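Quick mapping for you: the protein sequence lines, in order, are chains A and B. Each residue of the first sequence is one higher than the last, beginning at 467 in the working numbering. Each residue of the second sequence is one higher than the last, beginning at 21 in the working numbering. In this text, a Cβ means the ideal position worked out from N, Cα and C, and glycines have one as well. Please read all numbers here as calculations on a predicted model, not as lab measurements.
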Amino acid sequence: MSSEAVKAPRRHYLNESYSARSWLLTTDHKRIGILYLLSITFFFIIGGLAATIVRLELMTPEGDLVQAETYNKLFTLHGVAMVFLFLVPSIPAVLGNFLIPLMVGARDMAFPKLNLASWYVFSIAGLFVLYVTFAGGVDTGWTFYAPYSSTYSNTHVMATGLGVFVAGFSSIMTAINIIVTVHKMRAPGLTWHRMPLFVWSLYATSLIIILGTPVLAITILLIAAERAFQVGIFDPRLGGDPVLFQHLFWFYSHPAVYIMILPGMGVVSEIISCFSRKRPFGYTFIAYSSLAIAVFGFLVWGHHMFVSGQSVYAGLVFSLLSFSVAIPSAVKVFNWTATLYKGSISFETPMLYALGFIGLFTLGGLTGMYVATLAVDVHVHDTYFVIAHFHYIMVGGMVMAYLGGIHYWWPKMTGRMYPEGWARFSAILIFVGFNLTFFPQYILGYLGMPRRYHVYPEEFQVLNVMSSAGASILAIGYFFPLTYLLWSLKYGKEAPSNPWKATGLEWQTGSPPPAHNFHGQPVVKHEAYDYEALVPQEEPQPEREEVKVG
Amino acid sequence: MNTEIQFQPEQASTLAPRVDALYYYLTGVSVFMTLLIATLIVFFAIRYRRGNKVDRSPLDLRYQKWMEVIWIAVPLVIVLSFFGWGAWLYLEQARPPLGALEIQVTGKQWMWKFQHPQGNSEINDLHVPVGRPIKLTMISEDVIHSMYFPAFRVKHDVLPGRYTGLWFEATRTGQYHLFCAEYCGAGHAVMKGTVTVMEPSDYEAWLSGRVPDQTPVEAGKALFEEMRCASCHQGGGTQGRGPSLVNLFGKEVRLKDGRTVIANEEYLRESILTPAAKVVVGYEPIMPTFQGQISEEGVRDLIAYIKSLAESAPTGEEP
């Protein structure tokens, strides 16, 4: 305890108790959020190391650093760890767990024990994946396409499948908690249309998790049945249909893309509004576009299968429906941009991440148009174009939003400020490194370089070297926050309760919050982003005088 | 290291310039939208930075609804144009023109086998004539593969247990890549080769310069005899234990359960491998399965032979 600045040590959720038991058996949503933060950071590092070796191997056209078998296991580990153990739980399980009860003015989640159970279930899933990694790996790709996964691969498919299966249950538990908490535990006066947009987006995300994840579980069980008992489901030699696997897999995994990006959109809505000092333009449009994305997201899975042998007419329908998702996404981008208009904008680190998010998400979304367009997708499907597209959404979008959110709420979570200069510097480094890594991959993909190749024709080398060089900048960019955030725990400035002068209920309690979040029941009398009414304006505001003149 | 960067692969098929045109339309719209958003963000960020004295009077919210309507409607029209253009080309890709030269493709871990109608076969490399539509009929022996010709802008998955197809018409002689695009295991990245587009006369010379194996029809006939298919399917007008195969291909077949099916490749393949699935009216399900006894290439040869029985039927030739 470095508490020389604290006059009377204030009791909060972190200093209630220091025992390991008090952490491992906690039912406090804030502590569970921290447990998740530690777990997913670990898997982010594992997935990142796998990606590092992949990028190093691709520096040359030959397979010189690793051979095919190892390479295939590395990109599989990268995909499985990043998708199931980092991106899906990232914002919902860390920031969602920490913030949803605070934002709705509740003492905890609706089911605190279920919440703790979800972390243990997640840890079991993580142990499966770790076991597989050390026992020799799995080489099916994170997509597990049958019949390769069900009959042909002789790597650890079953254990990985079990890991993914179990991880699904932990996200279902978190989602149930979020939905029930939002329905039943909102503070008096907090009507649906007064809720922060972050809560709206996590509510929509939770709906997708609950409706989609069971289908993934079923699909994995069917793979297991075919692999273990030769029940013919996907392998034609046993009487199965391999395209059926793709329908089932993408019925979950396309909505899963929205599980991964919607929470990021929620974070960005909060940050843009706070650092522009303005109510988000088109609040209701942003809120309902999240629900629209959740609904449309379930109707577009067949756009992963334009060349798979599904009916040509199914292809036409799925293409048309895929474009329908573009509209609510575009609505969000336009509304965020319009929020800046006539704002009072400052550029702290979270804002840099949020502005970077808008740019990268726009590029990722627009290239989504290419792959939704039938004839163009026929050419770029399963090439690096697709890799670049979804990394713009998942890394350029979701990871930027996640880091923005971590910085934004870091003072609330830890009671310490992060070092602003370092943080701004690494935000810019990550933006530059990211573009250098993934923009060349769009060109590589259009040139025709297929994904999952460890050796490739020589003419692709320049762009691959550029991409690997960018990846090294990106890696350094990620290393900085890891270091200075840890540093700030001991040496960071003490955080006030509302360092950003933001409006949410979470800022009206201490940093870090007391174990029971609020002293007394908060009552909401204003809409979510009423800066005039909710944030005390200590300093003279030059723009207010301007208002009178204009 | 070759440091020259290309931005598009060679255009070597009738389809390639048409796909590229759509790609450049998409790119034009994307560049415009990206610049629009980026410019607005930078402009607002500078003009409305905190401390800058500018007009921040409250927005006139009367227009807000109209702005939302505009930025829903305009993108909607644009994406519908993407959809229509892409769908039009996709439908053309899906329909091979009549009279296309049909080449049989078998994919397996980790090689491609091509069988030309004249009997020549090749591994991983493919030779085709320029200016003539080529139709590939493809099947896999094991897992899913995907046949991809970047220079022709075509790709289609190759499935086990089922025929799929793609077609292209090469417009420029030369050598181009041919890749497996669907991850299929350890040798995925080496399951590739070269497609050589030749002048038709060179193609003929190439065909005759290589020792042709049996044509598929001949091979099919030999297999038909080896498997003693004729003991039931002896054809002609006489009622054997199995239905006649003469003049069968492409015709409607009435089944025992009242359905009718067209006797196409898929039906014949199923009837060889799982005969009990669709039994012809008037016959008993007594045929044994040939699953696992005949390779995919063998099945294809048999189908080629049965096809030839339909083409030569008017001359009265008996099997």
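Along the chain, where does the alpha helix (DSSP H) that runs through residue i open and close?
i: V665 of chain A; result: 663-695
i: T320 of chain B; result: The sequence shown places Arg at residue 320 of chain B, rather than the Thr named in the question. Where R320 of chain B is concerned, the enclosing alpha helix (DSSP H) stretches over 316-331.
i: V623 of chain A; result: 623-650
i: T805 of chain A; result: 778-806
i: T47 of chain B; result: 36-67
i: E736 of chain A; result: 708-742
i: V865 of chain A; result: Run containing V865 of chain A: none; DSSP gives neither H nor E here.
i: R289 of chain B; result: 285-293
i: R487 of chain A; result: 486-490
i: L700 of chain A; result: Just to set this straight, residue 700 of chain A is Phe in the shown sequence, not Leu. Run containing F700 of chain A: none; DSSP gives neither H nor E here.
Leaving out five residues before and five after residue i in sequence, what residues of the same chain have Cβ atoms less than 6 Å from its Cβ?
i: F747 of chain A; result: N801, A804, T805
i: L186 of chain B; result: L156, V174, H176
i: I590 of chain A; result: V632
i: I566 of chain A; result: I644, T647
i: E30 of chain B; result: A171
i: H847 of chain A; result: V773
i: G881 of chain A; result: A961, S977, P978
i: A968 of chain A; result: C740
Kindly list the residues whose CB is nearer than 8 Å to the CB of residue i, restricted to its own chain and excluding five residues on each side of it in sequence; keep chain order.
i: E470 of chain A; result: Its pLDDT being 48, under 50, E470 of chain A is placed unreliably in this model, and the value from its coordinates should be taken loosely. Taken in chain order, the list of residues that qualify is empty.
i: T750 of chain A; result: H659
I want to verify the contact list: residues of chain A whose CB lies under 8 Å from the CB of residue i, in sequence order.
i: C204 of chain B; result: Y614
i: P95 of chain B; result: A792, I793, A796
Over what stretch of residues does the beta strand (DSSP E) that includes residue i continue unbroken?
i: S892 of chain A; result: Per DSSP, S892 of chain A belongs to no beta strand (DSSP E); it is in the alpha helix (DSSP H), 886-913.
i: E304 of chain B; result: Premise fails: E304 of chain B is in no beta strand (DSSP E) and is neither H nor E.
i: R497 of chain A; result: Note, R497 of chain A: premise wrong, no beta strand (DSSP E); alpha helix (DSSP H) at 495-523.
i: V989 of chain A; result: Careful: V989 of chain A lies outside any beta strand (DSSP E) and carries neither H nor E.
i: L198 of chain B; result: 194-200
i: S166 of chain B; result: 165-169
i: I282 of chain B; result: 280-282
i: E272 of chain B; result: 272-274
Against residue i, what residues of chain A qualify as contacts under a CB-to-CB distance less than 7 Å, listed in chain order?
i: L79 of chain B; result: K808
i: V99 of chain B; result: F789, A792, M835
i: W91 of chain B; result: A796, V797, F800
i: D162 of chain B; result: Y618
Are the beta-carbon atoms of residue i and residue j separated by less than 7 Å?
i: L480 of chain A; j: N930 of chain A; result: no
i: V797 of chain A; j: S755 of chain A; result: yes
i: G863 of chain A; j: G730 of chain A; result: yes
i: I645 of chain A; j: S672 of chain A; result: yes
i: F564 of chain A; j: K496 of chain A; result: yes
i: V604 of chain A; j: T542 of chain A; result: yes
i: S788 of chain A; j: V766 of chain A; result: yes
i: L501 of chain A; j: W585 of chain A; result: yes
i: E316 of chain B; j: I159 of chain B; result: yes
Skipping 5 residues on each side, what residues in its chain have a beta carbon closer than 7 Å to that of residue i?
i: Y919 of chain A; result: none
i: I793 of chain A; result: none
i: G207 of chain B; result: Q129, W130
i: R320 of chain B; result: Q124, P236
By DSSP's criteria, residue i is part of a beta bridge. Which residues make up the other side?
i: L7 of chain B; result: With chain B covering only 21 through 339, there is no way to say anything about residue 7 of chain B.
i: P180 of chain B; result: B:S160
i: W132 of chain B; result: B:G127
i: L146 of chain B; result: B:V215
i: I939 of chain A; result: Partner(s): none; I939 of chain A has no beta bridge.
i: L121 of chain B; result: B:I154
i: P916 of chain A; result: A:T849
i: K175 of chain B; result: B:Y168
i: R882 of chain A; result: A:E960
What does residue i reach in chain B if we use C-beta pairs closer than 9 Å?
i: A534 of chain A; result: G205, A206, G207, H208, A209, V210
i: P930 of chain A; result: Per the sequence presented here, residue 930 of chain A reads as Asn, with Pro not at that position. What N930 of chain A touches in chain B: nothing, since even the nearest Cβ is about 10 Å away.
i: G607 of chain A; result: Y203
Cβ closer than 8 Å: which chain B residues qualify as neighbours of residue i?
i: I824 of chain A; result: I57, I61
i: P702 of chain A; result: L179, P180, G181, R182
i: L821 of chain A; result: I61, A65
i: T839 of chain A; result: L42, L46, F102, F103, W105, G106
What in chain A is Cβ-close to residue i, meaning under 9 Å?
i: P305 of chain B; result: Ordered by position in chain A, no residue passes the 9 Å Cβ test against P305 of chain B, which lies about 17 Å from the chain.
Against residue i, what residues of chain B qualify as contacts under a CB-to-CB distance less than 7 Å, listed in chain order?
i: D848 of chain A; result: S166, A201, E202
With 7 Å as the C-beta to C-beta threshold (strictly closer), list the residues of the stretch 741-764 of chain A near chain C in chain order. Absence of chain C from the displayed structure is noted, the protein chains being A and B.
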